[in-house]
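Student: Dumping the structure here so I can ask a few things about it.
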Amino acid sequence: TKRSGSTFNFASYHTIDEIYDWMDTLVADHPDLVSKLQIGQSYENRSLYVLKFSTGGSNRSAIWLDTGIHSREWITQATGAWTANKIAEEYGQDPSVTAVLDSMDIFLEIIANPDGFAYTHSSNRMWRKTRSRNSGSLCVGVDPNRNWNAGFGVAGASRNPCSETYHGPYANSEPEVKAIVDFVNNHGNIKAFISIHSYSQLLLYPYGYTRTPAPDQRELHEISKKAVAALSSLYGTSYQYGSIYTTIYQASGSSVDWSYNQGIKYSFTFELRDTGRYGFLLPASQIIPTAQETWLALKVIMQHTLNHPY
Amino acid sequence: EQLFVGDQVLRITASNEEQIALLRALDEQTELQVDFWRHPASPGHPADLRVPFPSLQAVKTLLESNGISYSIMIQDLQKLVDEEKKAMAKPSK
Chain A
2 TKRSGSTFNF
12 ASYHTIDEIY
22 DWMDTLVADH
32 PDLVSKLQIG
42 QSYENRSLYV
52 LKFSTGGSNR
62 SAIWLDTGIH
72 SREWITQATG
82 AWTANKIAEE
92 YGQDPSVTAV
102 LDSMDIFLEI
112 IANPDGFAYT
122 HSSNRMWRKT
132 RSRNSGSLCV
142 GVDPNRNWNA
152 GFGVAGASRN
162 PCSETYHGPY
172 ANSEPEVKAI
182 VDFVNNHGNI
192 KAFISIHSYS
202 QLLLYPYGYT
212 RTPAPDQREL
222 HEISKKAVAA
232 LSSLYGTSYQ
242 YGSIYTTIYQ
252 ASGSSVDWSY
262 NQGIKYSFTF
272 ELRDTGRYGF
282 LLPASQIIPT
292 AQETWLALKV
302 IMQHTLNHPY
Chain L
6 EQLFVGDQVL
16 RITASNEEQI
26 ALLRALDEQT
36 ELQVDFWRHP
46 ASPGHPADLR
56 VPFPSLQAVK
66 TLLESNGISY
76 SIMIQDLQKL
86 VDEEKKAMAK
96 PSK
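Protein sequences, first through last, are from chains A and L. Numbered per this note's numbering, the first sequence spans residues 2 to 311. Numbered per this note's numbering, the second sequence spans residues 6 to 98.
Spelled out as C-alpha cells, the structure:
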C-alpha cells in the first residue's frame with residue numbers, strides 16, 4: 002500500500018519510528034523538493050537525518066533548523082514535523098516561502114537527539130541529555146546544548162556528569178553535535194542557524210557564554226522584535242526576546258553561540274510554549290497552535306535572511 | 006521505566022541574587038536529585054523545579070526557611086505522564 006503523508010496526525014505526539022517513517026512519505030510526496038540526508042549516527046547508532054528542501058542549484062546559501070536537541074522537549078519535535086510539512090506544502094503557494102526556496106535551501110533536523118528521544122518514550126519521559134556513557138561516573142549523558150565549541154566549559158554549564166547541564170568531556174564529544182558541526186562546516190554556505198527548544202516562550206540570540214554583546218546585536222534584536230510580533234499576532238502568546246545571557250542566564254557551549262562564531266550571523270534559538278502549567282508535558286492539543294505561531298516567526302527570520310545577503 | 010509518582014514541579018520565584026545562588030546550589034546537590042525544568046535566571050523570573058517525592062520535604066523546608074516563594078505547578082507528575090500516554094495511544098489505535 003502506498004504510504005501517504007496525509008494520514009500522519011500532526012496534532013499528536015509520535016515516536017521516533019513514526020516520525021522517521023513519515024519523513025520518507027514526505028520525501029515521496031514531494032520528490033522534486035524534499036530529500037532526506039543522513040549526516041551521521043548517534044551514540045547508540047541511530048541515524049541522524051536531515052530533511053533538505055531545495056529547488057535546485059548547487060551549494061546554495063541555506064537555512065539550518067533543528068528541533069529536539071533536548072529530547073524531553075516534545076513540542077519541538079512535533080513542531081519540526083509540522084514545519085517540514087508546511088514548508089513542502091507552501092512552496093508555490095506562499096510567496097515568501099517560494100521566494101526563499103527559489104534562492105536558498107532549507108535543512109531541518111527534526112530529531113537532533115534520537116537516543117534521548119527514544120529514551121523518553123521507553124524509560125524516562127524527563128530525559129534531556131544524550132545517552133553516552135561517562136567514564137568514571139554512573140551518570141549517563143551529556144547536555145548537547147553545552148557541548149559546542151563556544152565558551153566550552155566556562156560558567157553556565159556543569160562539570161558534574163550527573164547534572165542536566167553537564168558539558169561533556171570536551172567540545173563536540175557527542176556524535177549528535179559533531180555531526181551538525183561537520184555538516185555545517187562542510188556546507189560552508191549556511192546563512193541562518195535556528196535551534197528550537199522549549200519551554201519559556203523566548204526568542205534568543207548570541208551570546209550565552211558571555212555578557213559581551215554580539216557585534217550584530219542591534220540587527221538581531223530588530224529581527225527578534227519583528228519575529229515575536231508576528232508570532233504573537235496569531236494567538237497573543239507572550240514572548241520575550243534578547244541575548245541568551247541577558248534574557249535568561251549564562252549558558253556556555255551552546256549551539257547558536259557556536260554558529261554565530263562560525264560567521265552565521267542569523268543565529269537564533271527559540272523556547273516554545275508552555276504557559277507554565279505543564280512544562281514538558283504540554284498537551285497534544287497545543288501542538289498545532291504552537292507550530293502555527295512559531296512558523297510566523299520563522300518566516301520573518303527566513304525572509305530577512307533572504308533579503309539581507311552577506 | 007522511571008516512574009514519577011508523587012513527584013512535584015514547583016514554580017519558584019527568587020526575589021534577590023542571594024536566593025538565586027541558593028537555588029543554583031540545589032542543582033549540584035546530587036542526593037536530592039532535583040531537576041530544573043526552567044533554570045533560575047534573575048530575581049522575579051520564575052524557575053521550575055522537578056522534585057522527586059522523597060526530596061519534597063527537604064526542598065520545601067529549604068525554600069520556606071529562606072523565604073523563597075513557590076507554588077506547586079504540577080501536583081503529581083506521573084498522573085500527567087499517564088494522561089499523555091493515553092492521549093498518544095488513542096490516535097495510534
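We treat Cβ as the ideally placed atom computed from N, Cα and C, and that holds for glycine. The structure displayed is predicted, hence computed values, not measured ones.
Have a look at A:Y246 and A:G57 and give me their C-alpha separation to the nearest angstrom.
Tutor: Your numbering for residue 246 of chain A matches position 245 in the first sequence. Your numbering for residue 57 of chain A matches position 56 in the first sequence. Taking the straight line from one Cα to the other gives about 39 Å.
Student: Along chain A, in chain order, which residues have C-beta atoms closer than 7 Å to that of L:L67?
Tutor: For this step, residue 67 of chain L is matched to residue 62 along the second sequence. In chain order: nothing, as chain A lies at least about 18 Å away.
Student: Report the residue from A:P284, A:R278, A:L307 whose alpha carbon sits nearest the alpha carbon of L:R55.
Tutor: Position 50 of the second sequence, counted from the start, is the residue given in the question as residue 55 of chain L. That would be A:R278, whose Cα lies nearest to the Cα of L:R55.
Student: The beta strand (DSSP E) that contains A:I265, what's its start and end?
Tutor: Here residue 265 of chain A refers to the residue found at position 264 of the first sequence. First-last for A:I265: undefined, no H or E at that position.
Student: Please report the distance separating the alpha-carbon of A:G189 from that of A:W65.
Tutor: Against the first sequence, residue 189 of chain A aligns to sequence position 188. Against the first sequence, residue 65 of chain A aligns to sequence position 64. One C-alpha to the other measures close to 12 Å.
Student: Is the beta carbon of L:Q13 sitting closer than 8 Å to the one on L:I73?
Tutor: Numbered from its first residue, the second sequence carries residue 13 of chain L at position 8. Numbered from its first residue, the second sequence carries residue 73 of chain L at position 68. Their beta carbons are not under 8 Å apart, which means L:Q13 does not touch L:I73 by this criterion.
Student: Which whole-angstrom value is the C-beta distance of A:S255 and A:W149, which I expect to be below 8 Å?
Tutor: Walking along the first sequence from the start, residue 255 of chain A turns up at place 254. Walking along the first sequence from the start, residue 149 of chain A turns up at place 148. Confirmed, about 6 Å.
Student: Under 9 Å between beta-carbons, which chain A residues line up against L:I79? List them in chain order, please.
Tutor: Looking up residue 79 of chain L in the second sequence gives position 74. Under the 9 Å cutoff, chain A gives R278, Y279, G280, L282.
Student: Step through the CB atoms of chain L and report whether any lies within less than 8 Å of the CB of A:M24.
Tutor: Here residue 24 of chain A is taken as the residue at index 23 of the first sequence, counted from 1. Answer no: the Cβ-Cβ gap between A:M24 and chain L never drops below 8 Å.
Student: Quick one: Cα of A:K179 to Cα of A:R147, how far?
Tutor: Position 178 of the first sequence, counting from 1, holds the residue named residue 179 of chain A. Position 146 of the first sequence, counting from 1, holds the residue named residue 147 of chain A. Answer to the nearest angstrom: the Cα atoms are 13 Å apart.
Student: Under 8 Å between the Cβ atoms of A:F108 and A:V35?
Tutor: Locating residue 108 of chain A in the first sequence gives position 107, counting from the first residue. Locating residue 35 of chain A in the first sequence gives position 34, counting from the first residue. No, Cβ-Cβ distance for A:F108 and A:V35 is not below 8 Å.
Student: Going along the stretch 182-208 of chain A in order, which residues come within less than 8 Å of chain D, judged by CB to CB distance?
Tutor: Included in the structure are the protein chains A and L, with no chain D among them.
Student: With distances taken from CA atoms, which of A:T213, A:V257, A:H168 is nearest A:I191?
Tutor: Taking the first sequence and counting its residues from 1, one reaches residue 191 of chain A at position 190. A:I191 has its Cα closest to that of A:V257, out of A:T213, A:V257, A:H168.
Student: Counting only Cβ pairs nearer than 8 Å, list the residues of chain L close to A:Y14.
Tutor: Here residue 14 of chain A refers to the residue found at position 13 of the first sequence. Those within 8 Å of A:Y14 in chain L are E89, A92, M93.
Student: Taking 8 Å as the CB-CB cut-off, is A:A285 touching chain L?
Tutor: Within the first sequence, residue 285 of chain A is the residue found at index 284, counting from 1. For A:A285, a Cβ of chain L is located within less than 8 Å of the residue's own Cβ.
Student: What are the boundary residues of the beta strand (DSSP E) that A:D106 is part of?
Tutor: Position 105 of the first sequence holds residue 106 of chain A. For A:D106, the enclosing beta strand (DSSP E) starts and ends at 106-110.
Student: DSSP three-state call for A:F54: helix, strand or coil?
Tutor: Here residue 54 of chain A corresponds to residue number 53 of the first sequence, with the count starting at 1. Looking at A:F54 - three-state DSSP - the assignment turns out to be strand.
Student: Which residues in the same chain as L:F101 place their Cβ atom closer than 7 Å to its Cβ, once the five residues preceding and following it in sequence are excluded?
Tutor: Residue 101 of chain L lies beyond the stretch modelled for chain L, which goes from 6 to 98, so this question has no answer here.
Student: Kindly indicate which residue of L:L61, L:E89, L:H50, L:P96 has the alpha-carbon position closest to the one of L:E36.
Tutor: As a working note, residue 36 of chain L is residue 31 in the second sequence. Of L:L61, L:E89, L:H50, L:P96, the residue nearest in Cα terms is L:L61.
Student: In chain A, which residues lie with their C-beta within 8 Å of the C-beta of L:L37?
Tutor: Indexing the second sequence from 1 puts residue 37 of chain L at position 32. Within chain A, no residue has its beta carbon less than 8 Å from that of L:L37; the closest one is some 11 Å off.
Student: By a C-beta neighbour count over all protein chains shown, 10 Å radius and 16 as the cutoff for buried, is A:Y92 buried or exposed?
Tutor: Taking the first residue of the first sequence as 1, we reach residue 92 of chain A at position 91. Flag for A:Y92 reads buried.
Student: Assuming contact is defined by CB atoms lying nearer than 8 Å, are A:E294 and A:T248 in contact in what I supplied?
Tutor: Within the first sequence, the letter at position 293 stands for residue 294 of chain A. Within the first sequence, the letter at position 247 stands for residue 248 of chain A. No, the pair does not count as a contact, with Cβ atoms beyond the cut-off.
Student: Counting pairs of beta carbons, one from the stretch 151-162 of chain A and one from the stretch 97-106 of chain A, are three or more of them closer than 8 Å?
Tutor: These segments do not touch.
Student: Could you check where the beta strand (DSSP E) with A:S225 kicks off and where it finishes?
Tutor: Locating residue 225 of chain A in the first sequence gives position 224, where the first residue counts as 1. Counting along the chain, A:S225 sits inside no beta strand (DSSP E); it lies in the alpha helix (DSSP H) bounded by residues 218-236.
Student: What does L:V14 reach in chain A if we use C-beta pairs closer than 8 Å?
Tutor: Taking the first residue of the second sequence as position 1, residue 14 of chain L is located at position 9. Neighbours of L:V14 on chain A, chain order: G280.
Student: Here's the rule I'm using: 16 or more other beta-carbon atoms within 10 Å means buried, otherwise exposed. How should A:N173 be labelled?
Tutor: Looking up residue 173 of chain A in the first sequence gives position 172. Label assigned to A:N173: buried.
Student: A:P145 and A:S43: beta carbons closer than 8 Å?
Tutor: The sequence position of residue 145 of chain A within the first sequence is 144, counting from 1. The sequence position of residue 43 of chain A within the first sequence is 42, counting from 1. Their beta carbons are not under 8 Å apart, which means A:P145 does not touch A:S43 by this criterion.
Student: Output the boundary residues of the alpha helix (DSSP H) element that contains A:Q81.
Tutor: Position 80 of the first sequence, counted from the first residue, corresponds to residue 81 of chain A. The question names Gln, but residue 81 of chain A in the sequence shown is Gly. Residues 75-91.
Student: Which residues in chain L have a C-beta closer than 7 Å to the C-beta of A:N125? List them in chain order.
Tutor: Looking up residue 125 of chain A in the first sequence gives position 124. The contacting residues are Q7.
Student: Counting beta carbon pairs with one atom in the stretch 264-283 of chain A and one in the stretch 196-205 of chain A, are three or more of them shorter than 8 Å?
Tutor: yes
Student: Does DSSP put L:M78 in a helix, a strand or coil?
Tutor: Translated into positions along the second sequence, residue 78 of chain L becomes position 73. Looking at L:M78 - three-state DSSP - the assignment turns out to be strand.
Student: Answer with yes or no whether the minimum CB distance from L:A19 to chain A is below 8 Å.
Tutor: In the second sequence, the residue the question calls residue 19 of chain L occupies position 14. Output row for L:A19: interface = no.
Student: I want to verify the contact list: residues of chain A whose CB lies under 9 Å from the CB of L:V64, in sequence order.
Tutor: For the purposes of this step, residue 64 of chain L is identified with residue 59 of the second sequence, where counting begins at 1. Those within 9 Å of L:V64 in chain A number zero; the least Cβ separation is about 16 Å.
Student: Report the neighbours of A:I249 on chain L: residues whose CB is nearer than 9 Å to its CB, in chain order.
Tutor: For the purposes of this step, residue 249 of chain A is taken as residue 248 along the first sequence, with counting starting at 1. By Cβ distance, chain L contributes R43, H44, A46, S47, H50.
Student: Would a check of beta-carbon distances place A:S164 closer than 8 Å to chain L?
Tutor: Here residue 164 of chain A refers to the residue found at position 163 when the first sequence is read from its first residue. It does; some Cβ of chain L falls within 8 Å.
Student: Quick one: list the residues of chain A neighbouring L:E33, beta-carbon separation under 8 Å, in chain order.
Tutor: On the second sequence, position 28 is the one that residue 33 of chain L refers to. Within 8 Å Cβ-Cβ: S159, N161, S164.
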